[in-house]
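Written out below as structure tokens is the structure these notes cover.
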Amino acid sequence: MIGKKKTIIVPKKKMICQVCGEREATFHFQEMTNGQVKELHLCEICAQKKGLGQTFFMPSFSLS
1 MIGKKKTIIV
11 PKKKMICQVC
21 GEREATFHFQ
31 EMTNGQVKEL
41 HLCEICAQKK
51 GLGQTFFMPS
61 FSLS
């Protein structure tokens, strides 16, 4: 058939925690410093250890 569109759904790749390297990252943070965006992907356990598991927080640490 000419002109028929086909939709392909690609499963999202699971991200691994950047701290422990073992568990799936379920917390994703971005920090912008001097126009540069840094991303940090953490599992729930590592996020809690850094004090980031709470809702509505203002991070007081650097991602680097």
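Residue numbering for the sequence shown follows the UniProt record's numbering, beginning at 1 and increasing consecutively. Every residue, glycine too, gets a C-beta built ideally from N, C-alpha and C. Quick caveat: nothing in here was measured; it's all calculated off a predicted structure.
- Separation of the CB atoms of E39 and Q30 is rounded to 5 Å, and the pair is thereby assigned contact status at 8 Å.
- Excluding the 5 residues flanking it on each side, H41 has same chain C-beta neighbours closer than 6 Å at M15, Q18, A25, H28, in chain order.
- Beta-bridge partners assigned by DSSP to I16: E24.
- By the Cβ neighbour-count rule, C43 is buried, with 16 or more other Cβ atoms within 10 Å of its own.
- The beta carbon of V37 lies closer than 6 Å to those of Q30 in the same chain, with the five residues before and after it left out.
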